[in-house]
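Only one structure is covered here, and it is reproduced in the block below.
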Amino acid sequence: MANQDNRPAEAGGTGDQESVHHLIETRLAKMSELGEQVELYPYAYDRTHTSTEMRAQEEALTAAEQKVRFPGRIMAKRGTGKTLFVPIQDEWGMIQAYFRKDDLGEEKFRLIQKLIDIGDWIGVEGTLFRTRTDELSIKVENFTFLAKAIRPLPEKFHDMSLENRSRQRHLDLAMNTDSRERFKLRSEIITDIRSFFAEEGFLEVETPVLQPLYGGATARPFTTHHNALDMTLYMRIADELYLKRLIIGGLEKVYEIAKDFRNEGMDRTHNPEFTMLECYAAYWDYHGMMDLTERMLRRLALRFGQDGKLTYGDLEMDFNLPFARVRFMDALADKTGQDLMALDTDALTRLAKGHGVVIKKGMGRDKILDELFSELVEPELVQPTFVMDHPKELSPLAKAHRETDGLVERFELFIAGFEVANSFSELNDPREQRRRFEDQKTLMEAGDDEAQPIDEAFLEAMEQGMPPTGGMGLGIDRLIMLLVDTNNIRDVLLFPHTRPERIDRNDHPEGGTT
RNA sequence: GGGCCACUAGCUCAUCAGGUAGAGCAUCUCCCUUUUAAGGAGGUUGUGCCAGGUUCGAGUCCUGGGUGGCCUACCA
775 MANQDNRPAE
785 AGGTGDQESV
795 HHLIETRLAK
805 MSELGEQVEL
815 YPYAYDRTHT
825 STEMRAQEEA
835 LTAAEQKVRF
845 PGRIMAKRGT
855 GKTLFVPIQD
865 EWGMIQAYFR
875 KDDLGEEKFR
885 LIQKLIDIGD
895 WIGVEGTLFR
905 TRTDELSIKV
915 ENFTFLAKAI
925 RPLPEKFHDM
935 SLENRSRQRH
945 LDLAMNTDSR
955 ERFKLRSEII
965 TDIRSFFAEE
975 GFLEVETPVL
985 QPLYGGATAR
995 PFTTHHNALD
1005 MTLYMRIADE
1015 LYLKRLIIGG
1025 LEKVYEIAKD
1035 FRNEGMDRTH
1045 NPEFTMLECY
1055 AAYWDYHGMM
1065 DLTERMLRRL
1075 ALRFGQDGKL
1085 TYGDLEMDFN
1095 LPFARVRFMD
1105 ALADKTGQDL
1115 MALDTDALTR
1125 LAKGHGVVIK
1135 KGMGRDKILD
1145 ELFSELVEPE
1155 LVQPTFVMDH
1165 PKELSPLAKA
1175 HRETDGLVER
1185 FELFIAGFEV
1195 ANSFSELNDP
1205 REQRRRFEDQ
1215 KTLMEAGDDE
1225 AQPIDEAFLE
1235 AMEQGMPPTG
1245 GMGLGIDRLI
1255 MLLVDTNNIR
1265 DVLLFPHTRP
1275 ERIDRNDHPE
1285 GGTT
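When we follow the numbering used here, the leftmost residue of the first sequence carries the number 775, and every step to the right adds one.
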């Protein structure tokens, strides 16, 4: 086994044998006997009906005594001597197969009774009927073996632990209908978002994951290396700077749904790779983007919620009403009773500390405002709310506010207390963009490892002329969390990042001394 | 990153006065021709996360490490 290559042969004998559990041995033995009589891994199976179709068409199928052919996975076996009830699961549900010794004959009945296990795949052929306990069933006349499972499925009437559900998603999907439904829903939501953007006239594009410079957000990147070019590359933390190049090139409405990668902590709401939606429209400002965002979310709430309302934990949000729109500084003024723009940094720091905000060295005015906002305002933004017109320093890619000095034209959309979307009237003046990058560089040199590096190639593109543009980014995973009502990002990621179960202690010869 | 808790059979969990481990499901044998957490009788299954230590004796106590969960802080 490949993953054991660099393990030393320890005393006590760790070999391939140790991994062969007796349950697997038993199944392997059955497999070789079964293999003498049937094809163990055939190539295809002609299905006539899915489980849902059979349930929907039960009356007609039963009346006509029509033969159905139904493939799926065996989820249980309930024998009563010379009959056998076998629930078979397909993607949509479960249908029970009924095997009778009298119908199948001694040999075939022995196959299903003795050699075919829970977890195996089979196709059954027969007619529909109702048992006397009123369970829709297939009276099996013939069956086809489809694939052998040599490992057992988990136990059937307790939930798997969250850890095992995430690490072994194939088992979670096999065992838990709600999990299958949740991930199918995720897919339907994303498909619907694509339809929405198509209807709005946006072009779906793909931009590089591997970038010579990262940008478009404030975060630490993953770093990798291109061998042939012998150069460092970064996994993207955002799509923004490439999508803007497309706007500069004359594609007027573009969007991308793609993975971004951020080398930061993991918890219930953060995974190192996550799915981001970004869209840009030429000639729009952030008001246009706000309207677009509101249209999209109302549509999703109508299609995937209850009459345009969503329940999240014990919160209920109504997307039918126009979304609230509040200015960042106004929201803070409401909470603190004073105009924070009028305060100097010292007074602001005292105020923030008074509200329990931890002030670290090197935090600028705008950062303090942002912290204060997170502390005082965000948790209360349950109904969909656009927070507009943020302080400038935190938004190096946003255009200055057309009326108020020190602010930018930006909005964040909050729902159920957390940020779902972020948008700007995009900065398109290359001189101003260069100054903002210089400011970021200063922050970086001061030790801020999340500050954005200067991207000369992007500046050069902008110098070719970028039209007025509105842009918006939206965290898909968080949106899905809202729509499926879960507080754990693992529930909406098929394969969330997990640490390896076992550390190979032989990686570091001197090991253990840290 | 900080705090608290957990890790025992393939799965879900008990054993908590330290004396070399149990249940249900799964699996095996037998009985049962409409069961559905089928039922009945009997059997198999464990380096008790890893490494040290205390002890006559450790799953149980101590130390270190690993993985996970919850709370807390930060980035989406």
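All C-beta atoms, glycine included, are put in the ideal place defined by N, C-alpha and C.
Computed from a predicted model, the values in this text were never measured in an experiment.
Grab the span of the alpha helix (DSSP H) containing Thr1049 for me, first residue to last. Here residue 1049 corresponds to residue number 275 of the first sequence, with the count starting at 1. First-last for Thr1049: 1047–1056, but that is the beta strand (DSSP E), not the alpha helix (DSSP H).
Does the region 888–896 touch the region 801–810, meaning 3 or more C-beta pairs lie closer than 8 Å? Yes, since at least three Cβ pairs between the region 801–810 and the region 888–896 fall closer than 8 Å, the two stretches touch.
Going by Cα to Cα distance, which pick from Arg941, Tyr1008, Gln942, Thr1043 is closest to Gly1191? In the first sequence, the residue the question calls residue 1191 occupies position 417. Gly1191 has its Cα closest to that of Thr1043, out of Arg941, Tyr1008, Gln942, Thr1043.
With DSSP as the reference, label Glu1284 as helix, strand or coil. Here residue 1284 refers to the residue found at position 510 when the first sequence is read from its first residue. Because Glu1284 sits at a pLDDT of 29, beneath the cut-off of 50, its placement in the model cannot be relied upon, and the point is left open.
CB Pro982 to CB Tyr988, shorter than 8 Å? Here residue 982 refers to the residue found at position 208 when the first sequence is read from its first residue. Here residue 988 refers to the residue found at position 214 when the first sequence is read from its first residue. Pro982 is not a Cβ neighbour of Tyr988, given a cutoff of 8 Å.
Where does Met1218 fall in DSSP's three states? Counting from 1 along the first sequence, the entry for residue 1218 is found at position 444. Residue state, collapsed to three classes: helix.
To the nearest angstrom, report how far apart Glu1030 and Gly1024 are at their CA atoms. Residue mapping note: residue 1030 aligns to position 256 of the first sequence, counting from 1. Residue mapping note: residue 1024 aligns to position 250 of the first sequence, counting from 1. Glu1030 and Gly1024: Cα-Cα distance of roughly 16 Å.
Starting from the Cα of Met1240, find the closest Cα among Arg829, Glu1186, Lys1018 and give me that residue. On the first sequence, residue 1240 is found 466 positions in, with the first residue counted as 1. The residue with the shortest Cα to Cα distance from Met1240 is Lys1018.
Once you ignore the five residues that flank Asn1196 on each side, which residues in its own chain have a CB closer than 6 Å to its CB? By one-based count along the first sequence, residue 1196 stands at place 422. Once the five neighbours on either side are set aside, the close Cβ partners of Asn1196 are Glu1186, Gly1247.
For Gly1138 and Trp1058, the rounded distance between their alpha carbons: Numbered from 1 along the first sequence, position 284 holds the residue referred to as residue 1058. Numbered from 1 along the first sequence, position 364 holds the residue referred to as residue 1138. So the alpha carbons of these two residues sit roughly 31 Å apart.
Between the C-alpha atoms of Met1236 and Pro1242, what's the straight-line distance to the nearest angstrom? Indexing the first sequence from 1 puts residue 1236 at position 462. Indexing the first sequence from 1 puts residue 1242 at position 468. The alpha-carbon atoms of Met1236 and Pro1242 are separated by roughly 11 Å.
Is the beta carbon of Leu1146 closer than 8 Å to that of His1164? Numbered from 1 along the first sequence, position 390 holds the residue referred to as residue 1164. Numbered from 1 along the first sequence, position 372 holds the residue referred to as residue 1146. Not a contact, by the Cβ cut-off of 8 Å.
With C-beta atoms as the reference, is Met1050 less than 8 Å away from Gly1249? Here residue 1050 corresponds to residue number 276 of the first sequence, with the count starting at 1. Here residue 1249 corresponds to residue number 475 of the first sequence, with the count starting at 1. Inclusion of Met1050 and Gly1249 in the CB contact set at 8 Å is warranted, their separation being smaller than that value.
Which one of Leu1150, Thr1159, Ala1002, Leu1084 has the shortest CA to CA distance from Asp1065? Position 291 of the first sequence, counted from the first residue, corresponds to residue 1065. Closest by alpha carbon: Thr1159.
My understanding is that Gly893 touches Leu927, with C-beta atoms under 8 Å, so please give their C-beta distance in whole angstroms. In the first sequence, residue 893 corresponds to position 119, counting from 1. In the first sequence, residue 927 corresponds to position 153, counting from 1. By a beta-carbon distance limit of 8 Å, Gly893 contacts Leu927. Their separation comes to about 5 Å.
Which stretch, first to last residue, makes up the beta strand (DSSP E) that contains Phe957? Here residue 957 refers to the residue found at position 183 of the first sequence. Here Phe957 belongs to no beta strand (DSSP E); instead the alpha helix (DSSP H) covers 951–973.
With distances taken from CA atoms, which of Val1194, Thr1216, Leu920, Glu810 is nearest Ile1228? Numbered from its first residue, the first sequence carries residue 1228 at position 454. Of the listed residues, the one whose Cα sits closest to Ile1228 is Thr1216.
Should Glu1200 and Lys1173 be called a contact, given that it needs their Cβ atoms to be closer than 8 Å? Start at 1 with the first residue of the first sequence, and residue 1200 comes out as number 426. Start at 1 with the first residue of the first sequence, and residue 1173 comes out as number 399. The answer is yes: Cβ separation under 8 Å.
Whole-angstrom C-beta distance between Asp1259 and Tyr1086, which should lie under 8 Å: Position 312 of the first sequence, counting from 1, holds the residue named residue 1086. Position 485 of the first sequence, counting from 1, holds the residue named residue 1259. That pair is a contact at about 5 Å.
Identify, in the order they occur along the chain, each residue of the same chain with its Cβ nearer than 6 Å to the Cβ of Gly787, setting aside the five sequence neighbours on each side. Here the question's residue 787 lines up with position 13 in the first sequence. Note that Gly787 has pLDDT 29, beneath the 50 cutoff, so the model's placement of it is unreliable and no number is given.
Length-filtered (3 minimum) beta strand (DSSP E) runs lying within the region 857–898: 857–863, 868–874
Counting pairs of beta carbons, one from the region 1211–1226 and one from the region 1255–1270, are three or more of them closer than 8 Å? Flag = no, the region 1211–1226 and the region 1255–1270 do not touch.
Can you name, in chain order, every residue of its own chain whose Cβ lies under 6 Å from the Cβ of Phe917, other than the five neighbours on each side? Taking the first residue of the first sequence as 1, we reach residue 917 at position 143. Closer than 6 Å at Cβ, skipping near neighbours: Ile896, Val898.
Would you grab the beta carbon distance between Ile924 and Ile798 for me? Rounded to a whole angstrom, and I think it's under 8 Å. On the first sequence, residue 924 is found 150 positions in, with the first residue counted as 1. On the first sequence, residue 798 is found 24 positions in, with the first residue counted as 1. At roughly 5 Å, the Cβ-Cβ gap stays under 8 Å, so Ile924 and Ile798 are in contact.
From Asp1108 to His1129, what does the alpha carbon distance come to, in whole angstroms? The residue labelled residue 1108 in the question sits at position 334 within the first sequence. The residue labelled residue 1129 in the question sits at position 355 within the first sequence. Straight-line spacing of the CA atoms in Asp1108 and His1129 works out to 14 Å.
Strictly by DSSP, which residues pair up with Ile848? Position 74 of the first sequence, counted from the first residue, corresponds to residue 848. Partner(s): Ile862.
Measuring only the C-alpha atoms, how far is Ile912 from Ile1021? Here residue 912 is taken as the residue at index 138 of the first sequence, counted from 1. Here residue 1021 is taken as the residue at index 247 of the first sequence, counted from 1. Between Ile912 and Ile1021, the alpha-carbon positions lie close to 58 Å from each other.
Within 10 Å of its beta-carbon, does Phe931 have 16 or more other beta-carbons around it, so buried, or fewer, so exposed? As a position in the first sequence, residue 931 is number 157, starting the count at 1. Label assigned to Phe931: exposed.
Is the beta carbon of Glu973 closer than 8 Å to that of Glu901? Translated into the one-based positions of the first sequence, residue 901 becomes position 127. Translated into the one-based positions of the first sequence, residue 973 becomes position 199. Here residue 901 turns out to be Thr, not Glu, going by the sequence shown. Contact flag unset, no.
Cβ-based neighbour list, Glu909, same chain, cut-off 8 Å, excluding 5 preceding and 5 following: Here residue 909 refers to the residue found at position 135 of the first sequence. Taken in chain order, the residues that qualify are Gln870.
Output needed for Glu1047: all residues of its chain with C-beta closer than 6 Å, excluding positions within five of it in sequence on either side, in chain order. Counting from 1 along the first sequence, the entry for residue 1047 is found at position 273. Contacts found: Lys1033, Phe1035.
Since Asp941 contacts Ser953 with CB under 8 Å, what's their CB separation in whole angstroms? Along the first sequence, read from residue 1 onward, the residue named residue 941 stands at position 167. Along the first sequence, read from residue 1 onward, the residue named residue 953 stands at position 179. According to the sequence as given, residue 941 is Arg; it is not Asp. In this structure Arg941 does not touch Ser953 by the C-beta definition: roughly 13 Å separates them, more than the 8 Å allowed.
Where does Pro1274 sit, in a helix, a strand or coil, going by DSSP? Along the first sequence, one-based indexing puts residue 1274 at 500. DSSP places Pro1274 in coil when its eight states are reduced to three.
Rounded Cβ spacing between Gly990 and Glu1026 (contact assumed at less than 8 Å): Here residue 990 refers to the residue found at position 216 when the first sequence is read from its first residue. Here residue 1026 refers to the residue found at position 252 when the first sequence is read from its first residue. Wrong, their Cβ atoms sit about 20 Å apart, outside the cutoff.
Looking at the unbroken alpha helix (DSSP H) that takes in Leu1089, where does it start and where does it end? Looking up residue 1089 in the first sequence gives position 315. Where Leu1089 is concerned, there is no enclosing alpha helix (DSSP H), although the beta strand (DSSP E) it sits in stretches over 1089–1092.
Can you tell me the Cα-Cα spacing of Leu1268 and Leu808, whole angstroms? Residue mapping note: residue 1268 aligns to position 494 of the first sequence, counting from 1. Residue mapping note: residue 808 aligns to position 34 of the first sequence, counting from 1. Rounded to whole angstroms, Leu1268 to Leu808 spans 34 Å at the Cα level.
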